[in-house]
Structure formats: structure tokens, C-alpha cells
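Top line first, the protein sequences correspond to chains R and H.
Those letters in the first sequence? Residues 26 to 340, by this note's numbering.
Those letters in the second sequence? Residues 159 to 437, by this note's numbering.
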Amino acid sequence: MADVIKKATRESYGEALRDLAEEYKDLVVLDADLAAATKTGIFKKAYPDRFFDCGIAEANMMGVAAGLAACGKIPFASTFAMFAAGRAFEIVRNSIGYPHLNVKIGATHAGISVGEDGATHQCNEDIALMRTIPGMTIINPCDDVEARAAVKAALDFNGPVYMRFGRLAVPVINDAATYKFELGKGVVMKDGSDITIAATGLMVNEALEAAKTLEAEGISARVVNIHTIKPLDKELICKCAKETGVIVTAEEHSIIGGLGSAVAEAVTECCPVPVVKIGVNDEFGHSGPAVDLLKEFGLSAENIANKAREAVKLK
Amino acid sequence: MDKAKKTELQKLACKARMGVIEGTFNAKSGHPGGSLSICDTLTYLYFSKMNVDAKNPEDPDRDRFVLSKGHTAPALYSVLALKGYFPEEEIKSLRHIGALLQGHPCIHIPGVDMSSGSLGQGISSACGMALAGKLNGKSYKVYTVLGDGEIEEGQVWEAAMFAAHKKLDNLVAVVDNNGLQIDGPISEVCSPEPITDKFAAFGWHVITMDAHDFDDIERAFSEASSVSGKPVVIVQKSTKGKGVSFMENQVSWHGSAPNAEQYAQAMSELSAQLKELED
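In C-alpha cells:
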């Protein structure tokens with residue numbers, strides 16, 4: 026087996042911005058004193074005249090992004106998820122969402138895998154918050170290939186987009202040569218008939234690993250990658266509900282308001298089947314190495330397999 | 159300013175004030191006090207200063223305006239209607255279900271450059287527009303009007319820092335210093351004073367202005383146009399409720415609409431002022 030290449034999606038974000046800047050002349054990047062961490066520093070180095078550090082002032086940065094978009098620029102407002110979706114929520118809602126401006130929000134350091142910085146910086150609520158804003162598109166890519174494609178898709182889409190990237194290096198599971206990103210469309214990564222595991226972000230790889238374990242035990246698990254959480258691919262989710270009869274969701278986010286909630290909301294309308302949610306339970310995180318935290322909070326292939334074994338019994 | 163021009167602006171401002179009363183009366187809600195205090199400034203901007211054309215509201219070269227103190231939308235709507243962006247009749251359905259004119263400015267209304275009204279946000283949008291102007295090599299100016307209570311919002315000072323640091327000399331902010339906010343005098347609620355010193359300390363070029371004297375308004379905006387290398391703030395001394403005797407300097411008129419009797423009296427006073435200007 027070839028060595029697994031690992032890369033943090035924040036790195037992919039910074040590189041994609043740099044690589045797309047030549048083609049998209051209106052692309053500009055804003056950051057709030059975190060360029061080294063969000064990796065927009067990669068863009069800044071290549072295009073210093075199109076990079077604007079707003080200082081530690083996320084509310085103003087979102088408003089500036091709105092004004093830039095109102096005048097034809099395509100701003101990528103970049104900071105940690107905690108500050109993009111959390112601190113600046115109301116500016117994102119009123120100055121970007123309500124006028125439906127063409128602002129792209131690059132939110133890095135999402136989820137528990139922020140690691141040692143601890144609970145104040147581990148944002149497990151951003152998807153829930155952003156989902157409530159009418160017209161907001163939310164993308165949570167699973168690896169380097171998908172993250173780069175997501176940035177391009179956001180550029181080609183006219184409207185506000187929230188993109189979620191991670192700090193931790195994660196396995197590259199898609200093939201750059203053949204990968205195609207379609208906004209709002211889930212991807213069946215592995216077919217199966219007994220259960221569907223709908224995963225997003227770094228949990229997609231865990232779901233694939235869990236499916237292998239389950240396969241060996243005679244449970245045929247379908248793995249669906251939901252990179253676009255809003256608008257949700259309801260058609261695919263409902264098809265999976267009908268064909269497999271039970272769904273496990275897996276996300277590095279609170280079980281309240283994220284992918285699990287979105288999937289549950291969808292199936293209750295089209296095909297009510299049990300939905301078992303894996304995510305951060307209703308609690309805060311704490312400091313520790315990211316890989317250990319992921320295990321501790323049940324964001325692992327092992328836990329997905331455990332939950333899936335129980336879930337198939339609910340059918 | 160020559161006398162004919164001044165009289166013309168005074169008449170338009172008076173009509174704008176009538177629109178504020180008409181709109182808030184029919185809406186049975188809204189914010190007449192702070193709307194009346196900015197009517198002269200908005201009239202001057204739209205009829206004597208800004209490069210805008212109601213027939214081409216999306217012109218990329220136009221000057222921009224953001225009403226950061228968005229609750230005073232009746233003043234903006236009245237001036238936009240007078241300018242021809244939409245029929246004056248629309249004022250009567252302000253805040254009604256299905257109406258064009260929303261309670262706070264909405265970008266989808268002709269002539270409105272930015273949705274606003276959640277206080278402190280408009281100035282950041284204006285900064286973004288000014289930055290876009292620089293990046294796009296455009297010579298347009300961006301104007302924004304804030305309330306003196308509004309500047310208690312921390313975001314205003316984030317924006318103030320940003321504008322000065324980025325040398326946005328194509329940005330002119332007006333602070334409507336009528337001295338009153340919903341809970342009372344700004345000096346008693348959580349004083350933002352001294353306003354001029356604060357903006358100066360943040361690196362802005364500061365101008366003070368009498369908000370109800372067109373000669374002084376012209377002087378202030380002319381000075382603003384001559385500044386380079388810095389954003390400009392005009393702190394305008396204004397009278398909340400200006401033009402309607404019983405509303406002037408009364409905090410109670412911040413966010414309540416006139417009843418039928420008060421409407422009649424206000425319109426009668428403003429009609430008399432207009433007639434005097436027309437004679």
C-alpha cells in the first residue's frame with residue numbers, strides 16, 4: 026500500500042487562493058491577524074496588493090467584505106471558525122446574508138481538532154449557526170483535493186459561501202486527476218445496502234475505514250460524503266434512507282444543528298428512518314493533541330463502526 | 159451658496175421632512191426624530207454633492223451612500239423619492255406588508271447601496287466600498303451617516319482604525335450629533351464624547367458642521383473633498399426632530415410615530431415652512 030499523504034485543508038485553502046488569483050482578477054483576501062495560521066499568508070506572499078489585514082477585528086472585516094462585494098470584488102474573509110461564525114455572526118447575517126452579497130468566508134481551525142488551544146478555540150457550532158442564515162451555502166471539504174475544488178466552486182458561485190477548513194493534517198483520499206466537485210451534490214464514496222454512513226469533513230475518511238470493518242463483519246455500509254451541508258443533497262439522502270433504511274451521520278461538529286440535524290430534518294419529510302448522530306455531544310472540548318481528542322470525543326472509525334452495528338438493529 | 163440654490167435645497171429638505179412624517183404616520187411606527195435631524199444633510203448630498211443618477215442607479219462610477227444609522231430610513235427614502243428613484247407614493251406604504259420600503263434600508267430598493275440598520279455595521283461596509291474604489295481605480299466617494307449613539311458600538315472603532323490605516327480618503331463619515339439616543343441623552347446613557355477628539359486620535363480628518371445651515375454644510379463637504387491621505391469625519395451638530403416644533407429635542411420622538419392629530423400639526427408646520435420658502 027502506498028504511503029498515505031496527509032495535508033491540512035487550511036493549507037489547501039491558502040494554496041488554492043494563490044493558484045486561482047491569476048484567473049479571477051476580482052479575488053481579494055482579507056484576514057484578521059491570523060494569516061500564518063489560516064494560510065492566507067501563502068496568498069499574501071504572491072499577491073500582497075490583493076491582501077488586506079484587518080487586524081484583530083472580525084466584525085469590521087466581515088463588513089468590509091460586504092462593501093467590497095457590493096462593488097464587484099470577490100472577497101475571501103478569513104479567520105478561525107470561532108470568530109467567523111461565532112463572534113461575527115450578526116455581521117455575517119445582516120451585512121452579508123441579508124443583502125445576499127458575493128462574500129466567501131474561509132473559516133479555518135474548525136472543530137475539536139484545533140487541539141491544544143482548547144475549548145475557547147474549538148468551534149463545534151459554526152455549521153449550526155451558518156445553516157440558519159437564509160441563502161448561505163456551507164461547504165465542509167474532506168481533504169486537500171476537495172478543499173481546493175471547493176474554493177474554485179465558491180468563486181464560480183454568486184452568493185455568500187461559508188467554507189470550513191481544518192488545522193490538522195488529514196489523509197488525501199480523493200484523486201486530483203479524476204475528482205469533480207459539484208456544489209450541493211453528495212458523493213457516494215462506497216456503495217452498500219444495509220446502512221448509510223453520511224459523513225462530512227475529516228469524518229469521511231473515518232467513515233470509509235469503519236465501512237471496511239463492517240464489511241468484514243457482513244454489514245454492507247454505504248458511505249456518502251456530504252461536502253455541501255447547505256443546500257443539502259436531499260435527493261441523495263432520501264434515496265439512501267429508502268434503500269438502506271437507517272443512517273448514521275458523522276461530523277466534527279456538535280450533534281446539535283450540524284450535518285446530523287440537517288439529515289434528520291430531511292428524512293423526516295421524505296422517508297422517516299432512524300438517524301444516529303455522531304459528533305461532539307452537548308459539551309465543550311478541552312486541551313490535548315488533536316488525534317487524542319478525536320478518539321476521546323468518538324470521532325473515529327471505531328466509534329462509527331460501533332454506532333453502525335447498533336443502528337442496523339433499529340431497522 | 160447663492161440664494162436661489164439655498165432656497166431650492168431648503169424646499170427639498172422641507173419636502174423630505176414631510177415624507178418622514180407621512181411615512182411614519184402611515185406606518186404607525188418608525189423613527190421620526192433622528193430622520194428629521196439628517197434631512198438637510200441628505201438633501202445636500204443627493205441634490206448638490208453626490209455623483210448619482212436615478213436613471214442609472216447601478217452605475218459603477220457613482221458615489222455611494224450607506225445609512226449606517228439605518229433606523230432613520232424614512233429620511234433616506236424621502237430624499238430618494240424626491241430624486242426620482244421610485245414614486246413618492248411608496249412613502250405611504252413604508253413598513254407595510256408587501257411594500258417596497260422596508261423598516262430599515264435594504265439593498266434591493268432602488269438607490270439603496272447597502273442594507274443597514276443593525277448599528278455599527280454600515281461604516282464597515284462603507285470602508286469596503288471605499289477600498290474597492292481604490293482597488294478598481296475609481297474616483298467615486300463613499301458617504302455614510304452614523305448616529306452619535308451608534309458610535310457606542312465597538313465595530314465603529316474597528317472600522318475607524320481600519321479606514322485610517324488603509325488611508326481611505328475617499329470615505330466621508332458623518333456623525334449626526336443630536337445628543338439623544340433611545341434611553342436618553344448620550345451624555346447620560348454611556349457617553350461617546352468627546353467625539354471629535356476620538357476620531358482625531360484614530361487618525362481621521364475632523365470637521366464640525368451645523369447640520370441645518372446649507373452654507374455651513376457646503377463648507378464642510380467642500381473641505382472634506384479636499385482632504386487626501388486620511389478618511390474624513392464630519393461631526394454635525396443637529397437638532398433631533400428638526401422642523402416639527404413639538405418633536406425637537408424630545409427623546410420620546412426617537413422611535414414613535416405621530417397620531418392623527420400630531421400628524422396634522424406636523425404637516426401644517428412643515429407646509430407653512432414650505433410656503434414661506436416658495437413666496
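Built from N, CA and C at the ideal position, the CB exists for glycine as well.
| query | result |
| --- | --- |
| Coil, strand or helix - D317(R) by DSSP | helix |
| Within chain R, the residues that P218(H) reaches when beta carbons sit closer than 8 Å | C96 and G97 |
| Residues of the stretch 108-120 of chain R whose Cβ lies closer than 8 Å to any Cβ of chain H, in chain order | E115, I116, N119 and S120 |
| Given Q168(H) as reference, the closest of V333(H), A382(H) and D198(H) once Cα atoms are compared | D198(H) |
| Residue-chain proximity (D211(H), chain R), Cβ-Cβ < 8 Å | no |
| Cβ of P124(R) within 8 Å of any chain H Cβ | yes |
| G323(R) to L193(R) span [Cα, whole Å] | 17 Å |
| Distance CB(F357(H))-CB(A382(H)) smaller than 8 Å | no |
| Proximity of M272(H) and P299(R) at Cβ, strictly below 8 Å | no |
| Between the CA atoms of I121(R) and K32(R) - distance to the nearest angstrom | 31 Å |
| Unbroken stretches of the alpha helix (DSSP H), 4 residues or longer, contained in the stretch 273-324 of chain R | 284-295 and 315-321 |
| CB contact check: A102(R) to chain H, cutoff 8 Å | no |
| Stretch-stretch touch, CB-based, cutoff 8 Å, three pairs: the stretch 165-183 of chain H with the stretch 320-335 of chain R | no |
| Beta-bridge pairing of D334(H) - partner residues as DSSP gives them | G305(H) and Q394(H) |
| Cutoff 8 Å: E351(H) Cβ touching any chain B Cβ | Note that chain B does not occur in the displayed structure, where the protein chains are R and H. |
| Nearest residue (CA-CA) to C264(H), options A95(R), V128(R), F101(R) and R112(R) | A95(R) |
| Beta carbon of G278(H) nearer than 8 Å to that of G228(H) | no |
| Rounded distance between the beta-carbons of V248(R) and K215(R), thought under 8 Å | 4 Å |
| Cutoff 8 Å; reference H412(H); Cβ partners in own chain excluding five residues on either side | H189, G191, G192, L338, Q339, I340 and K398 |
| Contacts around M26(R), its chain only, beta-carbon distance under 7 Å, and the 5 residues preceding and following it disregarded | Low per-residue confidence applies at M26(R): pLDDT is 49, beneath 50, and the placement is therefore not dependable enough to give any value. |
| Range covered by the alpha helix (DSSP H) that runs through G127(H) | Because chain H here runs from 159 to 437, residue 127(H) falls outside it and cannot be looked at. |
| Rounded separation between K69(R) and Y38(R) - CA only | 13 Å |
| Range covered by the alpha helix (DSSP H) that runs through A57(R) | Unbroken run through A57(R): none, as it is neither H nor E. |
| Cross-chain neighbours of S283(H) in chain R, by beta carbon under 8 Å | G88, V89, A91, G92, A95 and S120 |
| With 16 other Cβ atoms within 10 Å as the buried cut-off, status of K98(R) | buried |
| Close beta carbons around N331(R), own chain, < 7 Å, minus the five adjacent residues each side | none |
| Test: M287(H) CB closer than 8 Å to a CB of chain R | yes |
| Ranges of the alpha helix (DSSP H) found wholly within the stretch 356-425 of chain H, counting only runs of at least 4 | 372-384 |
| Other residues of its chain near S187(H): CB distance less than 7 Å, five sequence neighbours each side excluded | R253 and A415 |
| Between the CA atoms of I280(R) and N328(H) - distance to the nearest angstrom | 47 Å |
| Bridge partner(s) assigned by DSSP for T182(H) | None; T182(H) has no bridge partner. |
| Own chain, CB closer than 6 Å to A113(R), minus 5 neighbours either side, in chain order | E83, A84 and M87 |
| Opening and closing residue of the beta strand (DSSP E) in which T188(R) lies | First, the amino acid is wrong: residue 188(R) is Met here, not Thr. That run of the beta strand (DSSP E) goes V186 to R189. |
| is_contact[V53(R), chain H] using C-beta, thresh 8 Å | yes |
| Exposure of P185(R), with buried meaning 16 or more beta-carbon neighbours within 10 Å | buried |
| Test item: CB-CB of G286(H) and A90(R) under 8 Å | yes |
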